[in-house]
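In the working numbering, the protein residues as written are 15 to 298.
This report refers to the structure that appears directly beneath it.
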Amino acid sequence: MESGGAPCILRGPAMRVLLVSHLFPPKHSAGTEVYTAELGTRLAARGHEVIVFTTDKDIGRADLSLHERIHAGLRVVELTNNLFHDDFVETWRQPEIERLFARTLDELRPEVVHFQHLLHLSVGCLRIAAERGVPVFFTLHDFWLVCARLGQLVHADGSLCHTVDFARCGTCLPSFKWKQTGLEQRAGRAIARVRSATGIDLGPLARGARRLVVGRRGGGGDDEGEEAGNAGGIPQGEPAVYEAAARERAATLLEASLEHVDRFISPSRFLRDRFIAEGIPEDR
Numbered sequence: 015m016e017s018g019g020a021p022c023i024l025r026g027p028a029m030r031v032l033l034v035s036h037l038f039p040p041k042h043s044a045g046t047e048v049y050t051a052e053l054g055t056r057l058a059a060r061g062h063e064v065i066v067f068t069t070d071k072d073i074g075r076a077d078l079s080l081h082e083r084i085h086a087g088l089r090v091v092e093l094t095n096n097l098f099h100d101d102f103v104e105t106w107r108q109p110e111i112e113r114l115f116a117r118t119l120d121e122l123r124p125e126v127v128h129f130q131h132l133l134h135l136s137v138g139c140l141r142i143a144a145e146r147g148v149p150v151f152f153t154l155h156d157f158w159l160v161c162a163r164l165g166q167l168v169h170a171d172g173s174l175c176h177t178v179d180f181a182r183c184g185t186c187l188p189s190f191k192w193k194q195t196g197l198e199q200r201a202g203r204a205i206a207r208v209r210s211a212t213g214i215d216l217g218p219l220a221r222g223a224r225r226l227v228v229g230r231r232g233g234g235g236d237d238e239g240e241e242a243g244n245a246g247g248i249p250q251g252e253p254a255v256y257e258a259a260a261r262e263r264a265a266t267l268l269e270a271s272l273e274h275v276d277r278f279i280s281p282s283r284f285l286r287d288r289f290i291a292e293g294i295p296e297d298r
């Protein structure tokens with residue numbers, strides 16, 4: 015497992031490189047997004063052809079639709095993921111996302127695929143990239159492979175998770191808003207239809223109204239990880255359901271990563287050591 019930025023393979027002749035990130039600037043500017051944008055810019059400056067595959071939550075667009083844009087000279091293929099999930103497993107495994115990713119790979123034909131994050135994407139994207147016979151890299155920016163709550167290893171009560179304890183996950187995840195409610199899904203689809211038919215985007219108005227309502231109720235959070243407002247307490251049996259789901263999720267993500275990723279990159283020795291402890295070989 016390497017520490018640093020670009021894989022050594024990208025220091026040679028010019029190649030077509032696909033960077034895969036859960037989110038991307040300018041709308042999103044947290045650590046992974048900024049890192050990915052900077053990496054793309056520097057690779058392009060070395061003569062590589064860089065394309066970014068990413069996602070965005072935009073209720074003004076049809077769910078699971080693809081769009082293209084340019085950011086800082088980089089070609090960006092953006093998948094709209096509005097979190098219209100029916101089951102928790104869809105937060106990390108979605109066949110339709112995998113189909114769209116496969117189609118994109120076949121159209122772009124990258125020579126290297128470098129994953130930065132899989133949040134809002136699907137575990138099968140790793141396999142799909144490997145099946146194309148190109149080198150697959152994965153930079154481990156956080157603990158998302160083993161922590162379903164945004165990979166932060168922070169419990170819903172605000173305390174740190176020093177180890178991955180799936181029983182503890184069972185008491186954390188019930189308060190994590192990992193999908194849109196039925197009303198939000200219906201409203202989102204209606205807003206997308208209006209934009210498609212008229213060009214008028216009612217999304218900003220809807221988001222503003224929602225923030226106003228949440229503010230009056232004393233709530234907070236954002237679309238990536240707000241509290242579900244489980245004021246009635248955790249229903250009996252639900253912690254056990256989430257415990258089992260968290261266990262299955264971590265096992266599947268780690269297994270797929272080990273099977274399909276050629277080389278892992280860690281920005282820090284701390285992350286490197288933690289993932290070696292989770293089973294990633296030191297020489298990978």
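Beta carbons: idealized from backbone N, C-alpha and C, even for Gly.
Check	Outcome
Same chain, Cβ closer than 6 Å to residue 247, neighbours up to 5 away in sequence not counted	At residue 247, the pLDDT of 42 sits below 50, so the modelled position is not reliable; the number obtained from the coordinates is stated separately. Nothing listed; no residue qualifies.
Neighbourhood of residue 88 by C-beta, 8 Å cutoff - its chain only, sequence neighbours within 5 removed	51, 54, 55, 58, 64, 65, 66
Among 73, 47, 43, nearest to residue 201 - alpha-carbon criterion	73
Neighbourhood of residue 29 by C-beta, 7 Å cutoff - its chain only, sequence neighbours within 5 removed	62, 125, 126
Spatial distance of residue 158 from residue 140 (CA atoms)	15 Å
DSSP state of residue 47 mapped onto helix, strand, coil	helix
Other residues of its chain near residue 234: CB distance less than 6 Å, five sequence neighbours each side excluded	Legend: pLDDT at residue 234 = 49, less than 50; position of this residue unreliable, value from coordinates given subsequently. Around residue 234: no qualifying Cβ.
N- and C-terminal bounds of the beta strand (DSSP E) containing residue 280	277-280
Host alpha helix (DSSP H) of residue 283 (start-end)	283-291
Reference residue 358, options 26, 79, 269, 253, closest by Cα	Residue 358 cannot be examined here, being either before or after the span of the chain that is shown, 15 to 298.
Cβ neighbour criterion (16 or more within 10 Å) applied to residue 263	buried
Bridge partner(s) assigned by DSSP for residue 65	32, 89
Cβ neighbour criterion (16 or more within 10 Å) applied to residue 236	Residue confidence is low: residue 236 scores 49 on pLDDT, short of 50, so the model does not pin down where it sits. Its coordinate-derived value is still stated next. Classification for residue 236: exposed.
Coil, strand or helix - residue 60 by DSSP	coil
Other residues of its chain near residue 153: CB distance less than 6 Å, five sequence neighbours each side excluded	130, 279
First through last residue of the beta strand (DSSP E) which encompasses residue 128	126-129
Straight-line Cα distance separating residue 37 from residue 112	17 Å
From 82, 204, 94, residue whose alpha carbon lies closest to that of residue 69	94
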